[in-house]
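In full-length UniProt numbering, the protein residues as written are 1 to 477.
By construction, the Cβ of each residue, glycine as well, lies at the ideal position given by its N, Cα and C atoms.
No experiment lies behind these values; they were computed from the predicted model shown.
These notes concern the structure reproduced below.
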Amino acid sequence: MQNDPGGFAAVLANPILNTDSYKASHFLQYPPDASAMFSYVESRGGRYDRTLFFGLQMLLKEYLCKPVTHAMIDDARDFFTVHGEPFNEAGWRHIVERYDGYLPVKIRAVPEGSVVPVHNVLMTVECDDPQVFWLASYLETMLLRVWYPVTVATRSWHLRQTIRRFLERTDDDLAQLPFKLHDFGARGVSSAESAGIGGAAHLVNFMGSDTVLGVLAANRFYREPMAAYSVPAAEHSTITSWGRDGEADAYRNMIARFGLPGAIVSVVSDSYDLFAALDMWGGELRQAVIDSGATLVVRPDSGNPVAIVMQTVRALDASFGSTLNGKGRRVLNRVRVIQGDGVDELSIDAILSALDDAGYAAGNVVFGMGGALLQQVNRDTQRFAMKCSAIRRGGVWHDVRKDPVTDQGKRSKKGRLTLLRNRRTGEYRTTTLPVAWDDRALEGEWDEALETVFDTGRLLVDTSFAEVRARAHAGEV
1 MQNDPGGFAA VLANPILNTD SYKASHFLQY PPDASAMFSY VESRGGRYDR TLFFGLQMLL
61 KEYLCKPVTH AMIDDARDFF TVHGEPFNEA GWRHIVERYD GYLPVKIRAV PEGSVVPVHN
121 VLMTVECDDP QVFWLASYLE TMLLRVWYPV TVATRSWHLR QTIRRFLERT DDDLAQLPFK
181 LHDFGARGVS SAESAGIGGA AHLVNFMGSD TVLGVLAANR FYREPMAAYS VPAAEHSTIT
241 SWGRDGEADA YRNMIARFGL PGAIVSVVSD SYDLFAALDM WGGELRQAVI DSGATLVVRP
301 DSGNPVAIVM QTVRALDASF GSTLNGKGRR VLNRVRVIQG DGVDELSIDA ILSALDDAGY
361 AAGNVVFGMG GALLQQVNRD TQRFAMKCSA IRRGGVWHDV RKDPVTDQGK RSKKGRLTLL
421 RNRRTGEYRT TTLPVAWDDR ALEGEWDEAL ETVFDTGRLL VDTSFAEVRA RAHAGEV
């Protein structure tokens, strides 16, 4: 295998090598009369009781809608020969010669944006070409990475439910919900691809992001003109570069440069002393903020999140005043607060509860999350797995499953599976194929929730980001 100067793009371009090493040997391990295979993906439980399915379309467009070539096969053969694994060169040549390099697998999945209870099938992979039936399992490494966007989207969705609950209770303006949790996670993830995939997943639920790659991924893979927005914001360097004695000048510059009527200006204010900065904002800079017509967003960036937010809100209320809304809660005039340090499920709930207890509307505060949003998840957060559940031998389908006596939580499902959705209640149910539609319990009440999204190199469903968002929030009134 030659050293390729193409960098990571070249490394990721060959789907034959986008797998685990031991997968290369598996074609020799299946029963000799096997001719077709069926695998499925599910969340076996975890932190959340429901998962928001998202991200498969990105993987399909990037990796499976492009053909394998003889040159790729040569490269993979050379690699595995030296690497220590056997290689099914004949099988891969068959794919190029019979299917023009497109992988002969059928993938069915729940529509992206669907919120499905755990322990249900979310996606299935089937290959019925006897010469390459093992593809249904070979692709596990690549396809199971859907756990990442699903888990990020799921966490973000649950955070949205918490924020929405407090807005409904304390605020008159629900239209601000999509901008209440801002993504600052680009620098905190493991790779640029993670920033793109994870950043797009968050945007299923919100429309504020500084993760440019995530916005671009949502735009390009889901046909969205602009998936998210941002505002001019200060960082510590743009404040400290003025020197400690020039702190007020740095703040004044932000208002002068960006403080247009109707605009939003976010300024980190704890580079030295948050409380002194709050005195500046409410003192010598107060009239400049008011005269600008902009909304100033003050960002504390250290300290106990609940205590600091409450102290900041109260200080700004004392300086700028507040107005009582229709829910009997106070809304700050001209100013808001963004909390981006120490933010997670618990702190968001605690901050919003403290605001409510003190008589303030939830809309006074915006949240930001960085690496905690995009990086503090793993495959076990929702216990994702992809398993073979059926194999065809001698022309007959046989159920197969994993059932370890040492961990029943890893017990897998068996059979050729699909997902049903009750059209009246929205309930989901995993069942086996073929569906017994003549069963009175199913007839007229249930629909198949899985749809064929990919077949032999062809993307059959090209979902828009608007459609994904609509499904994800269909339950919101």
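Do you know offhand how far A218's Cα is from A372's?
20 Å
Between the stretch 358 to 374 and the stretch 99 to 112, do three or more beta carbon pairs fall short of 8 Å?
no
Does the pairing of the stretch 29 to 46 with the stretch 127 to 141 give three or more beta-carbon distances under 8 Å?
yes
CA nearest to the CA of A390, picked from E97, N14, T124, Y63
T124
Decide if R314 is buried, meaning its Cβ has at least 16 other Cβ atoms within 10 Å, or exposed.
exposed
Out of curiosity, what's the CA-to-CA distance linking F54 and G199?
12 Å
If you compare alpha carbons, which of K387, R77, Y222, G426 is closest to R469?
Y222
Comparing C-alpha positions only, which one of E467, D317, H398 sits nearest to D33?
H398
Which residues does DSSP list as the beta-bridge partners of W446?
N422
Measure from the alpha carbon of D291 to the alpha carbon of each residue in G303, A449, G262, then state which is nearest.
G262
By DSSP's criteria, D455 is part of a beta bridge. Which residues make up the other side?
K106, R458
Can you give me the Cβ contacts of D380 inside the same chain, cut-off strictly under 8 Å, excluding the 5 residues immediately before and after it?
G46
Residue span of the alpha helix (DSSP H) that contains S356, given as start and end
Note that residue 356 is Asp in the sequence shown here, rather than Ser. That run of the alpha helix (DSSP H) goes 345 to 357.
If you draw a straight line from the C-alpha of L459 to the C-alpha of V146, how long is it?
16 Å
Counting C-beta neighbours from all protein chains within 10 Å, is the total for A256 16 or more, i.e. buried, or is it exposed?
exposed
Where G246 and V298 are concerned, what is the direct C-alpha to C-alpha distance, given to the nearest angstrom?
18 Å
Return the CA-CA distance between A227 and F184, expressed in angstroms with no decimal places.
15 Å
Between P67 and T81, what straight-line distance do the alpha-carbon atoms span, to the nearest angstrom?
23 Å
Just to confirm, is the Cβ distance from S266 to A233 under 7 Å?
yes
Where T432 and K402 are concerned, what is the direct C-alpha to C-alpha distance, given to the nearest angstrom?
17 Å
Let's test the definition: count the other Cβ atoms within 10 Å of the Cβ of D462 and tell me whether it reaches 16, buried, or not, exposed.
exposed
Supposed contact pair F27 and N88 - C-beta distance, whole angstroms, cut 8 Å
5 Å
May I have the straight-line CA-CA distance separating M1 from Y30, to the nearest angstrom?
Annotation note: pLDDT 47 at M1 (below 50); position unreliable, no value reported.
Pop quiz: P300 and L274 are said to be a contact at Cβ under 8 Å. What is the actual Cβ separation, rounded to whole angstroms?
5 Å
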